[in-house]
Structure formats: structure tokens, C-alpha cells
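Heads up, the thing below is written out as C-alpha cells.
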Amino acid sequence: MVGLAIHGGAGGDGPWKGPTDLDPQRIACMHNVLSTVGSMLESGIDALEAVTIAVEMMENEPLFNAGIGSVIAADGSVTMDASIMRGSDSATGSVVNVTKIRHPIRAAKIVLENNWPVMLNGSAADDFAIKNGIEEVEQEWLITDLRKAQWQKWKDANSRPGSTDEDDSAMLDHDEGMGTVGAVAIDKNGILAAATSTGGMTGKPDGRIGDTPIIGAGTWADQKVAVSCTGVGEAFIRTCAAHEVATRLRLGESLETACKNMLDMVAPLGGRGGVIAIDSDGNIEIPFQTMLMYRGYWKDGEIMTGIGPDLSSH
Ligand code: ASP
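Under the numbering used here, the letters of the sequence shown match residues 1 to 314, in that order.
This is the structure in C-alpha cells:
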């Protein structure tokens with residue numbers, strides 16, 4: 001039994017208003033990721049490589065907030081975070097505030113394979129990644145017109161970090177959604193893995209680190225469960241959110257209850273968001289408390305994707 005779930009970020013408040021003109025492209029990307037990587041898992045690829053490829057494919061999609069198309073920080077630059085974890089041996093890797101590589105998640109995987117240290121930061125992380133074969137790119141290549149426009153709106157409104165979330169009335173619709181990407185998988189050997197990658201939040205201050213690269217906050221995998229989170233990172237850090245799901249499972253909660261209770265813990269701290277999780281029995285949960293979460297899963301050859309409350313099959 002193999003399985004895969006992905007997300008492309010959560011955001012917004014109130015009832016879902018239906019898909020935007022840009023959403024078919026996001027859905028097509030998710031569908032492609034699920035069918036490609038789902039088949040690879042069936043053919044025997046391991047879970048760690050599966051989540052890496054899934055996240056790389058979404059980093060390549062400019063409409064998600066990771067890799068090219070990452071959101072823009074207060075100073076006008078793109079800085080990206082990513083982390084990855086394998087459940088069987090607690091191996092993990094993370095890169096923080098990288099600025100000139102195409103695939104932060106591949107860099108995080110190389111950090112994991114390198115064993116020590118498990119987290120690299122800033123220009124040292126960029127240099128390590130490039131030295132290990134990750135494609136180097138210019139900042140200008142990472143920055144898209146859509147993100148420039150969102151950043152300009154944020155600047156004009158002189159807003160706080162995170163103001164591009166749809167719940168800011170200055171921001172018109174969920175094109176402004178956060179768009180962080182993540183994947184969780186179980187492979188043929190029953191090994192679980194999780195990966196998350198992001199540009200963070202529009203207007204974030206210099207040096208800000210969200211939950212995405214922090215193991216136990218944005219990403220977690222052990223022998224029972226793999227978890228990837230999305231939402232306002234500070235609240236996910238303050239609750240060790242991804243690890244909280246694992247703790248709750250150990251205490252006997254079902255995967256569904258554990259995910260729901262974790263999100264209920266995060267929300268009062270200002271961190272409404274969503275989570276994807278897969279357990280060692282292949283159960284998948286993809287709940288969220290925002291207006292929407294780009295999400296989908298592949299299980300037994302069946303693909304489901306969704307943005308608002310409903311999922312559709314393909
Ligand atoms: N969690 C990410 C961060 O705080 C943002 C997101 O999920 O959209 O950097």
C-alpha cells in the first residue's frame with residue numbers, strides 16, 4: 001500500500017467564492033504531481049524521494065509560493081525555507097532563508113543525506129546547495145509579476161506581514177493565498193516522509209523564519225505519521241504543530257481527531273491554516289480552517305483534488 005497527499009497552501013476567511021481564473025493552472029499542477037509521483041510510488045520509489053519530487057514540481061509552478069513565484073519580503077527580496085523528514089530513522093534536513101537556488105527542497109534533502117548538521121541558514125545554505133549540484137538562479141528569475149503586484153499592494157497598504165492572506169479586505173480574492181507547498185507519502189516498505197517548502201509571507205521582515213523549515217512545527221515524520229503544515233507560521237511554531245499530531249496519535253487519537261485538535265490549538269494563536277497527514281496504515285487527512293486549501297491525494301490509483309470545501313475525483 002502506497003499513498004501521497006500534497007498541499008499548495010491555505011488562506012482566506014469566510015465562505016469560498018469559487019475558483020479564480022488562475023486556479024485551473026494550480027489544479028492541473030497538483031493533478032500532474034499526484035499522477036506522476038503516485039505512479040512512481042507504485043513502481044517502488046522511496047517516500048523521501050517521492051515527497052522531494054512532488055515538492056520540486058510545485059516549486060516549479062509560479063502560482064505556488066515556493067521556488068519561482070515565492071512571495072516577496074518587506075525589503076523586496078525573495079527568501080525561501082524548506083525542510084524534509086524521513087520517519088523510519090528520524091533523518092531530517094532543512095534550509096532557511098535561501099535566496100538563489102531553484103529547488104530549496106532538493107537542498108534540504110541533500111542536507112538530510114549529509115547527516116550533519118541538519119539545518120543550514122542563509123548564504124551558507126545557498127553555497128552548500130550550489131556546491132552539491134542544485135541549480136543556481138537569479139533573484140529576478142524567482143520574482144514573478146503576480147508577486148510584484150501583491151507586494152506593491154502590501155506596501156501601499158503599509159500592512160503587516162501576512163497581509164496578502166485573503167482575509168485582508170484590501171486583498172481582493174484568493175489569488176493572494178499563501179501558497180506554501182508540501183507533500184507526505186508512504187512507500188512500499190511502509191516508510192513515511194514529509195516535505196514542505198515556502199517563500200514565507202509577503203512583507204515579512206528581514207531575517208524572519210516561519211514554521212516551514214522548523215522540524216516539528218511545519219514538518220514532521222516518524223514511524224506512525226508524516227505531517228506538513230501551512231498557515232501563519234508563528235502560531236505553528238508556538239504549538240510544535242506538526243509534532244503535535246504525532247503526539248496525539250501516540251496518545252490514542254485517530255488521525256482525523258489528531259489533525260483537527262492540532263488546528264484547534266493553533267487557531268487561537270492567530271494561526272488558522274491547514275495540514276496534510278498520512279499514517280502508517282495509509283490513512284490520509286487533509287483538513288483546514290481557512291477559506292481554502294489547495295490540496296489533493298493519490299490513493300490506490302485514485303486522485304482527488306480540491307480548493308474550497310469539496311474534493312473532486314479524476
Ligand atoms: N507557514 C508559512 C510561513 O509562515 C506560510 C504558509 O504556509 O503559507 O512561512
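Each residue gets a CB set at the ideal place from its N, CA and C atoms; glycine is no exception.
{"Check": "DSSP state of Asn-97 mapped onto helix, strand, coil", "Outcome": "strand"}
{"Check": "Alpha-carbon spacing of Ile-317 relative to Thr-290, whole angstroms", "Outcome": "Nothing can be reported for residue 317, as the shown portion of the chain is limited to 1 through 314."}
{"Check": "Touch test, the region 217-235 against the region 87-97, Cβ-Cβ under 8 Å, three pairs minimum", "Outcome": "yes"}
{"Check": "Residue range of the unbroken beta strand (DSSP E) whose run includes Asn-121", "Outcome": "119-121"}
{"Check": "Beta-carbon proximity of Gly-11 to Ile-278, cut-off 8 Å", "Outcome": "no"}
{"Check": "Burial state of Pro-309, where buried means 16 or more other Cβ atoms lie within 10 Å", "Outcome": "exposed"}
{"Check": "Where Leu-22 sits in the DSSP three-state scheme", "Outcome": "coil"}
{"Check": "Three-state secondary structure assigned by DSSP to Trp-16", "Outcome": "coil"}
{"Check": "For Ile-237, the three-state DSSP class (helix, strand or coil)", "Outcome": "helix"}
{"Check": "Limits of the unbroken alpha helix (DSSP H) element including Met-85", "Outcome": "Here Met-85 belongs to no alpha helix (DSSP H); instead the beta strand (DSSP E) covers 80-86."}
{"Check": "Neighbour-count burial assignment, Asp-211, 16 or more Cβ in a 10 Å radius", "Outcome": "buried"}
{"Check": "Spatial neighbours of Glu-135 in its chain, beta-carbon cut-off 8 Å, leaving aside the 5 residues before and after", "Outcome": "Ile-101, Arg-102 and His-103"}
{"Check": "Closer than 7 Å: Asp-211 CB and nearest ligand 1 heavy atom", "Outcome": "yes"}
{"Check": "Gly-199 and Ala-66 closer than 8 Å at C-beta", "Outcome": "yes"}
{"Check": "Best match in Val-78, Gly-282, Val-232 and Met-293 for proximity to Val-266 [C-alpha to C-alpha]", "Outcome": "Val-232"}
{"Check": "His-339 (DSSP reduced to helix, strand or coil)", "Outcome": "This structure leaves residue 339 out entirely; the chain is present only between 1 and 314."}
{"Check": "Cross-strand partners of Cys-229 (DSSP beta bridge)", "Outcome": "Val-275"}
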